[in-house]
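Participant:
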Ligand code: DP6
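Numbering (our numbering), first residue to last: -8 to 310.
1. Please give me, in chain order, every unbroken run of the alpha helix (DSSP H) with length at least 4 that falls completely inside the region 204 to 288.
2. Would you mind working out which of 13, 117, 46, 101 sits nearest residue 76, comparing C-alpha positions?
3. Flag this pair as touching only if the region 153 to 168 and the region 179 to 198 have three or more C-beta atom pairs under 8 angstroms; answer yes or no.
4. Between 296, 61, 208, which lies nearest to residue 84 when the distance is taken from Cα to Cα?
5. Please state if the CB of residue 102 and the CB of residue -4 are separated by a distance shorter than 8 angstroms.
6. So does residue 6 have its beta carbon nearer than 7 angstroms to some heavy atom of ligand 1?
7. Should residue 266 be listed as close to ligand 3, given that the test is whether its C-beta is under 7 angstroms from any heavy atom?
8. Roughly how many angstroms separate the alpha carbons of residue 17 and residue 299, rounded to a whole number?
9. One question on the structure: do residue 50 and residue 166 come within less than 8 angstroms of each other, judged by their Cβ atoms?
10. Cα separation between residue 244 and residue 252?
11. Between the alpha carbons of residue 146 and residue 267, how many angstroms are there, rounded?
12. Just the Cα atoms here: how many angstroms apart are residue 48 and residue 7?
13. With 16 as the cutoff for other CB atoms within 10 Å, does residue 250 come out buried or exposed?
14. I need the DSSP call for residue 77, collapsed to helix, strand or coil.
15. From residue 254 to residue 247, what does the alpha carbon distance come to, in whole angstroms?
16. Would you check whether ligand 1 has a heavy atom nearer than 7 angstroms to the C-beta of residue 126?
17. Would you say the beta carbon of residue 135 is closer than 7 angstroms to some non-hydrogen atom of ligand 1?
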């Protein structure tokens, strides 16, 4: 009993920041994201009766940090009377640095566990199981432009537009490759409990979702960029006003924002977004991507730049 699956990270344009149900890890609001094509995580799940407990290998090294979450996620798919498993995870991008690595990991994990144990869950069930492990992971089940909607006691994910219908590019500027100081899950609880802006953030989310949906439907990059940058900066304002403050940016993050502003002033259609980490993601047309990549690579403090198209959702691989 073994299976392997691959999933790509997704980048939220209208962000998830805050939970309405901690025990079931349900988000306070809906969100909209892009699923990437060229960055990926592969998860192999091998059931092994000889093992006494689950083992997790991340890029070849045994890891105990994520083991409890990984085991709990597999229990959700296959039940807790399942045999122990060996899980092998490989990513082709830096993990735990605000690049949505947990989204790709848990999306791939639920698909691999479902295939290994032949549990035959529906895509909707798999999205909810991935979302239980990490809210943003539900979105990586699908490709292209994805909306996550809140439903009573669960979430629902839907593709708003497939990647081929609006093949944008995402340029990721890596300003610091290390793991983030506070996990997003912990940080959003700090924001919910302490930020004076949190309630307004939640209240305004449906307006931002509507605006982004309309921009995607009409493939209007300028309109999408305006609402995505606003939503991103609003989320970071909620974080900055939390106690203790949550400041994920460094000076290079700010320099990258200025680079995007300069590109915009010069007529390039590009916009930025930043998650719970110091990396900046610039979204642009395929034609603009080389200029955006060069400008971000030349920005002070940027270590590495990755470019990705938009891709499909999670799926199994031949073992
Ligand atoms: C800033 O999905 O990592 O990237 O559900 O606690 O695992 P947990 O949180 P997670 O949070 C993602 C936060 C974000 C915004 C987003 O992806 O929507």
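Beta carbons: idealized from backbone N, C-alpha and C, even for Gly.
Facilitator: Based on what the coordinates show:
1. For secondary structure counted as the alpha helix (DSSP H) over 4 or more consecutive residues, the region 204 to 288 holds these complete runs in sequence order: 212 to 231, 242 to 256, 280 to 288.
2. Among 13, 117, 46, 101, the Cα nearest to that of residue 76 is on 46.
3. As far as the Cβ criterion goes, the region 153 to 168 does not touch the region 179 to 198, which means the pair count is below three.
4. Closest option to residue 84, judged by alpha-carbon separation, among 296, 61, 208: 296.
5. For residue -4 and residue 102, yes; Cβs fall inside 8 angstroms.
6. Distances between the C-beta of residue 6 and the heavy atoms of ligand 1 include at least one below 7 angstroms.
7. In the structure shown, ligand 3 is absent; the only ligands present are ligand 1.
8. Their Cα atoms are separated by approximately 29 angstroms.
9. When the beta-carbon positions are compared, residue 50 and residue 166 stay at least 8 angstroms from each other.
10. Between the alpha carbons of residue 244 and residue 252 lies a gap of roughly 13 angstroms.
11. Distance between the alpha carbons of residue 146 and residue 267 is about 22 angstroms.
12. Roughly 28 angstroms separates the two Cα atoms.
13. Classification of residue 250: buried, given that the 10 Å Cβ count is 16 or more.
14. Residue state, collapsed to three classes: strand.
15. Distance between the alpha carbons of residue 254 and residue 247 is about 11 angstroms.
16. It does: the Cβ of residue 126 is within 7 angstroms (strictly closer) of some heavy atom of ligand 1.
17. Ligand 1 has no heavy atom closer than 7 angstroms to the beta-carbon of residue 135.
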